[in-house]
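Here is the structure we will look at, set down as structure tokens.
Residue numbers (our numbering), protein chains in the order written: chain V, 101 to 368; chain D, 8 to 272; chain C, 712 to 971.
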């Protein structure tokens, strides 16, 4: 068999196999649901139903809004929670990484709260802030905060000692030290933290919306479940995946732009 | 009867869409139980030659064969001692040597017998259960050599086996290898950039040109060694002091020098 | 940097101060009536409630029974993720065609947040045990697969060349060379998968369960019993740590023969 990277009609064998696999899966899906009816439409929606559901939510709206409205609403909440988390978490992590004293002081509180999964904060957030958007932003904040801190911390700790010593020898202190030595040195790990924070933000938001929300992909999932509308559930899942993949890709792109000297591409 | 044949071998290396000729018209025959060393400047392709006999790389044109059978894949009949040892870190010394023997399907008693024999021969007694990271570089290479010999290969291929060792260990290993090679003669292809090592160990020394690598000259060491009685001296420094040794070494040095001069670094 | 005994004592002192400051602020906020204790119970109230939950059931079960229910689902889901993900990842690293076939399928589903599978799981499995197991699996599977794959792909070429040279067949090469070489990466994947699986479990139990730790805290929220919610959160975090510690112990054991 030809190797994966050999070209056949302009595309590699690898791409052809990938496309073929997806086509086969789609075919099987169609066969099992529409054609033979082996899988009932209640269990798994046939392709036609999914197409209908998509048209419905995109054009007419479902569960309090149209698709783009839902996504935009979710996106807004993620940005708020993520933004605050990063603005607080990265400096905190850098501080803890640089100063052992700061680390010793802050660690106990951090260690106590860190193992609690962000999703476990949802009930508490609801008690404190009700079922609205505020509770969601809080939970997103918690989810994004921890990876930001940890990765910024590790980023500082991973800076080669000779570099720190060279900076001290050159008399670089204070604010300049932070902006010109600490932050660039920790950049790769800071970015890893950003990526993990963003992924965690999305995952947590979907969960929070599933528990109770008016808008958002999670709320569509919930509504779809209540209405026993499997096609809509599938649509919501697909868009959750798309949003998740897009945010990862965007951050990966931002990472290569911010650190052109790095050769690794982010794929996960 | 195990011989190695290189017939009009060339090797072209592709990078960034360009072709680089690394080996050009390489012709060599290694006779049965002959110890041949190849020396040459960095990048001349000497390691590639060995890897082609091992079946880890293939010629672009020409033929590489062992006992007149073309080489198509790696195998225990052409055992390799790698420069970086390539011992499996998660296996003990015993298991490392055993691995290839198990692949041959030998029964347990036979395997045990072979392993014990070579552990004794390579002075590894007591280290059977040790793991590679617990051993020094020299000891690890001893294990690698034991592993190769234990396979009872037709041909032994060594790729700068002492290159990663410190100078003193290197000398000790050369002495041991010489004793082993004289006692347990086999067809050997030995790659090195250290001229003394080649002259000390080999029956013939092949000098390669810089890239694209060709054979510059081949020197017969064995006849000089036997005529001058090098093997009567047990210590390597005594041999390296002999006029005949120095003369041969210097001769090869000069030959190599010319190649370095024409190198474009 | 080696910390001297004096440094370490100083650090311990600071940590203690930090801990007390944290608790102190907590108490202050309560005592000053800034926030009602209904929303922010005092630390000791949380602790007492935690102990109480061991004898007095809430939401249908004692704390330890909720925990057992959660852990059972967890081990099923995580176990499956490891048993399928690790070998599959390894084999994908070895057989290029397998990689080509599985990767597009995997890439299409892996970005679906694990909790997003809940409604679908409810449709597919009803109220059976399959539901939460699927969610946990969805969370734990990707890291297990990806890390096994990377471990296999990242193996140093010389090990494969040596195995080839020794005449070792495919099966032995995969089990005795590829797998051991990939173990550090696999374990890293297990740790991440374990954490994500635990997280997903809690999420699933918040929404669609009638027992378990997630169910406990969501019921606590419904009853506005904040001490219960907090006690539950702390227990969840604690068990999460235990799981991580267990995996790290396993890592030390598996890598005991190798230099770091």
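Where a beta carbon is used, it is the ideal one built from N, C-alpha and C, also for glycine.
Check                                                                                                                                                                                       : Outcome
Taking only beta-carbon positions, decide if residue 730 of chain C is within less than 9 angstroms of chain D.                                                                             : no
Alpha carbon to alpha carbon, how far is residue 835 of chain C from residue 130 of chain V? Give it in angstroms, no decimals.                                                             : 18 angstroms
Counting only beta-carbon separations shorter than 9 angstroms, does residue 97 of chain D have a partner in chain C?                                                                       : yes
From the DSSP output, in three-state form, read off residue 77 of chain D for me.                                                                                                           : strand
My guess is that residue 202 of chain V and residue 247 of chain V are in contact by the Cβ rule of under 8 angstroms, so how many angstroms apart are they, rounded?                       : Not really, about 19 angstroms apart at Cβ, beyond 8 angstroms.
Quick test of your reading: residue 312 of chain V and residue 288 of chain V, contact by CB under 8 angstroms. State the CB separation rounded to the nearest angstrom.                    : Actually they do not touch by this definition, with Cβ atoms about 38 angstroms apart.
Give the range of the alpha helix (DSSP H) segment to which residue 58 of chain D is assigned.                                                                                              : 53-61
Can you list, in chain order, the stretches of the alpha helix (DSSP H) that have 4 or more residues and sit fully within the stretch 861-949 of chain C?                                   : 868-876, 881-884, 890-918, 924-933
Reducing DSSP to helix, strand and coil, say where residue 821 of chain C ends up.                                                                                                          : helix
Are there 16 or more other CB atoms within 10 angstroms of the CB of residue 777 of chain C, so buried, or fewer, so exposed?                                                               : buried
Less than 9 angstroms separating the beta-carbons of residue 879 of chain C and residue 106 of chain D?                                                                                     : yes
Quick check: the stretch 89-103 of chain D against the stretch 850-860 of chain C, are at least 3 beta-carbon pairs closer than 8 angstroms?                                                : no
Do the CB positions of residue 52 of chain D and residue 165 of chain D come within less than 9 angstroms of each other?                                                                    : no
For residue 178 of chain D, report the span of its alpha helix (DSSP H) as first-last.                                                                                                      : 174-190
Quick one: is residue 75 of chain D buried, meaning 16 or more other Cβ sit within 10 Å of its Cβ, or exposed?                                                                              : exposed
Output, in chain order, the set of chain C residues within a Cβ distance shorter than 8 angstroms of residue 91 of chain D.                                                                 : 869
Of all Cβ atoms in chain C, is any one closer than 9 angstroms to the Cβ of residue 288 of chain V?                                                                                         : no
Pull up the DSSP beta-bridge partners for residue 162 of chain D, would you.                                                                                                                : D:85, D:194
If we cut at 9 angstroms on Cβ distances, does residue 16 of chain D have a partner in chain C?                                                                                             : no
Measure from the alpha carbon of residue 254 of chain D to the alpha carbon of each residue in D:206, D:100, D:62, then state which is nearest.                                             : D:206
Here's the rule I'm using: 16 or more other beta-carbon atoms within 10 Å means buried, otherwise exposed. How should residue 258 of chain V be labelled?                                   : exposed
Is there a Cβ from chain V that is less than 9 angstroms from the Cβ of residue 779 of chain C?                                                                                             : no
Would you kindly check if the distance between the Cβ of residue 928 of chain C and the Cβ of residue 943 of chain C is under 9 angstroms?                                                  : yes
Please list, in chain order, all residues of the same chain as residue 187 of chain V whose beta carbon is under 7 angstroms from its beta carbon, the five residues on each side excluded. : none
When you compare the CB positions of residue 784 of chain C and residue 844 of chain C, do they come within less than 9 angstroms of one another, or not?                                   : yes
Any beta-carbon of chain V closer than 9 angstroms to the one on residue 932 of chain C?                                                                                                    : yes
Taking the C-alpha atoms as reference points, what is the distance between residue 156 of chain V and residue 150 of chain V?                                                               : 10 angstroms
Which runs of the alpha helix (DSSP H), 4 residues or longer, sit entirely within the stretch 259-327 of chain V?                                                                           : 261-269, 274-277, 283-311, 317-326
Measure the CB-CB distance between residue 78 of chain D and residue 57 of chain D and report whether it falls below 9 angstroms.                                                           : no
Would you kindly report the start and end of the unbroken alpha helix (DSSP H) that includes residue 148 of chain D?                                                                        : 144-157
CA-CA distance, residue 888 of chain C and residue 347 of chain V?                                                                                                                          : 37 angstroms
Give the straight-line distance between the Cα atoms of residue 972 of chain C and residue 226 of chain V, rounded to the nearest whole angstrom.                                           : Since the displayed chain C opens at 712 and closes at 971, residue 972 of chain C lies outside it and no answer follows.
Is residue 167 of chain D helix, strand or coil by DSSP?                                                                                                                                    : coil
Is it right to say residue 236 of chain V is buried, meaning 16 or more other beta carbons lie within 10 angstroms of its own, or is it exposed?                                            : buried
Is there a C-beta anywhere in chain D that falls below 9 angstroms from the one on residue 878 of chain C?                                                                                  : yes
Which chain D residues sit within Cβ distance under 7 angstroms of residue 826 of chain C?                                                                                                  : By Cβ distance, chain D contributes nothing, its closest Cβ being about 38 angstroms from residue 826 of chain C, past 7 angstroms.
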